[in-house]
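Count along the sequence shown from 1, add 95, and you get the number used in our numbering.
For every residue, glycine included, the Cβ atom is placed at its ideal position computed from N, Cα and C.
Note that the structure is predicted; figures quoted are calculated from it, not measured.
A quick write-up on the structure given underneath.
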Amino acid sequence: MSVLVYTESENGKFKKNAFEVASYAYEVAQQLGTTVTAISVNADENESLGGYGVSKVLTISDDSLKTFNAKAYAHAIVGAAQTEGAQVVVVSSSADTKFLAPIVAAKLSAGYAPNVVAAPESTSPFTVKRTAFSNKGFAHTQINSEAKVIGVSNNAFGAIENQTTAAVEAFSPSLGDDAFTTKSIEVDKVVGKATIADADIVVSGGRGLKGPENWGMLEELADVLGAATACSKPVSDMGWRSHGEHVGQTGKPVASNLYIAIGISGAIQHLAGVSSSKTKVVINTDPEAPFFKAADYGIVGDAFEIVPQLTEKLKEFKAQNA
């Protein structure tokens with residue numbers, strides 16, 4: 096009766112959160128006195144999960160699952176849970192898994208706790224700590240159902256190495272037509288060196304940049320930092336940037352180690368979506384912008400003057416410390 100963990104991948108490569116949820120699952124398994132089984136979909140290098148405490152990997156190779164489909168993926172995870180007799184299923188709190196986790200929970204008659212930030216405080220009763228009220232507080236949630244689904248917040252637990260030899264086995268879930276009642280028509284994908292979900296640093300721009308033609312300086316800063324680029328909702332609504340870059344309560348949540356907001360006033364929906372970031376830096380001409388109240392560091396000034404100077408200083412620093 097192992098702990099099952101769903102490890103996300105993209106283009107055959109595991110996402111950063113895959114190793115984090117594997118590490119979390121290993122901690123849960125230690126508390127329960129069992130092992131960890133991972134399920135992966137069209138992923139390569141499955142043995143690498145053994146470095147994070149996974150004892151077995153169930154691998155699915157299926158062209159029908161190349162594009163994410165919440166219902167089909169949920170069917171596969173449920174099938175794996177039933178095969179392994181898993182009573183605890185661990186997933187991330189990414190945008191994709193927040194779609195599939197409730198389906199998994201419903202099919203397993205399981206309690207579902209998303210946005211979990213720490214290992215279980217107790218396994219009898221099963222109690223976890225999670226963020227609540229748009230990340231403004233914490234809730235200590237007790238899951239009383241026999242089966243449990245836990246969604247781990249990004250960057251909350253960390254990827255912790257626990258060297259184990261992972262046995263890799265092919266797994267073919269039963270996926271009937273009812274698993275594909277919804278289909279993806281179009282995928283709006285951000286193209287860049289780092290994705291918002293996996294990036295340790297995110298550089299985000301708002302209407303203060305005045306137009307899409309000025310995004311070059313933001314991208315240059317992001318390139319120097321090895322960061323992902325993002326934007327506020329009005330920016331994506333106006334078509335300046337892809338909707339895939341929209342962060343906030345109504346877009347993608349961000350839990351990066353460093354979040355730099357440039358020309359973003361800080362509407363409550365935006366702040367709610369980025370509040371899990373560990374360090375927030377704001378650059379804005381308006382000293383009364385709401386974002387300054389939530390920021391760890393703030394610069395009042397013109398982004399068109401500050402950002403190029405910051406980029407040059409960072410280039411100099413990297414050159415001196417290469």
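Assuming residue i and residue j form a contact by the criterion Cβ under 8 Å, report the distance between their Cβ atoms to the nearest whole angstrom.
i, j, result
"V171", "P268", "First, the residue type needs correcting, since residue 171 is Ala and not Val in the sequence shown. With 8 Å as the limit, A171 and P268 qualify as a contact, their Cβ atoms being about 4 Å apart."
"Y207", "A200", "4 Å"
"N141", "T132", "Wrong, their Cβ atoms sit about 12 Å apart, outside the cutoff."
"G107", "D139", "4 Å"
"L144", "A261", "5 Å"
"A176", "V186", "Not a contact, Cβ separation roughly 11 Å."
"Q364", "G343", "5 Å"
"A169", "K202", "7 Å"
Would you say the beta carbon of residue i comes nearer than 7 Å to a heavy atom of the ligand PLP?
i, result
"S204", "As far as ligands go, the structure on display features none, and thus does not contain the ligand PLP."
Taking the beta carbon of residue i as the centre, do at least 16 other beta carbons fall within 10 Å, making it buried, or is it exposed?
i, result
"K151", "buried"
"V282", "exposed"
"N352", "exposed"
"K373", "exposed"
"Y354", "buried"
"N210", "buried"
"I280", "exposed"
"A205", "buried"
"T102", "buried"
"N416", "exposed"
"K375", "buried"
"G271", "exposed"
"K278", "exposed"
"A265", "exposed"
"G232", "exposed"
Would you report the Cα separation of residue i and residue j, rounded to the nearest angstrom?
i, j, result
"G311", "D191", "29 Å"
"G306", "W335", "7 Å"
"T418", "N257", "A question about residue 418 goes unanswered here, because the residues of the chain that appear run from 96 up to 417."
"G396", "A362", "19 Å"
"D391", "G339", "26 Å"
"S240", "E407", "55 Å"
"H235", "V377", "32 Å"
"T226", "N379", "28 Å"
"V95", "S248", "Nothing can be reported for residue 95: it is not among the residues displayed for the chain, which extend from 96 to 417."
"G358", "L127", "48 Å"
"G148", "I238", "24 Å"
"T222", "E216", "6 Å"
"A356", "A165", "31 Å"
"V402", "V183", "46 Å"
"D295", "A322", "7 Å"
"S97", "P329", "45 Å"
"S360", "T290", "23 Å"
"G146", "M333", "44 Å"
"A274", "R302", "41 Å"
"S188", "S327", "21 Å"
"N137", "D381", "48 Å"
"I134", "L99", "7 Å"
"G253", "S118", "7 Å"
"A389", "L366", "8 Å"
"A384", "A350", "22 Å"
"L316", "F109", "26 Å"
"E411", "V319", "10 Å"
"F228", "T345", "15 Å"
"G368", "S299", "12 Å"
"T162", "S104", "11 Å"
"A398", "K193", "35 Å"
What residue does the beta strand (DSSP E) around residue i start on, and which one ends it?
i, result
"P209", "G206 to V211"
"V377", "T374 to N379"
"K243", "K243 to V247"
"V342", "From DSSP, V342 is part of no beta strand (DSSP E); its letter is neither H nor E."
"H235", "G232 to I238"
"F427", "Examination of residue 427 is not possible in this model, given that the chain is present from 96 through 417 alone."
"A369", "Sequence inspection shows Val at residue 369; the Ala mentioned does not correspond to that position. Looking at the DSSP string, V369 is not in any beta strand (DSSP E); the run it does join, the alpha helix (DSSP H), is I363 to V369."
"K388", "Per DSSP, K388 belongs to no beta strand (DSSP E); it is in the alpha helix (DSSP H), F386 to A389."
"A227", "F221 to A227"
"A393", "For the record, residue 393 in the displayed sequence is Gly; it is not Ala. Y392 to V395 is the span of the beta strand (DSSP E), which, as asked, contains G393."
"A350", "Taken as a continuous stretch (DSSP letters only), A350 belongs to no beta strand (DSSP E), as it is neither H nor E."
"F102", "Inspection of the sequence shows that residue 102 is occupied by Thr rather than by Phe. Its beta strand (DSSP E) spans residues V98 to T102."
List the endpoints of the continuous alpha helix (DSSP H) containing residue i.
i, result
"I401", "A398 to Q415"
If we define contact as Cβ-Cβ less than 8 Å, is residue i a contact residue for chain B?
i, result
"V377", "Going by chain labels, chain B is absent from the structure shown, which holds only one protein chain."
Report the start-end ranges of each alpha helix (DSSP H) in the region 113–191 that is 4 residues or longer and not cut off at the edges.
165–179
Mind listing, in chain order, the continuous alpha helix (DSSP H) runs of no fewer than 4 residues lying wholly within the region 273–327?
310–320
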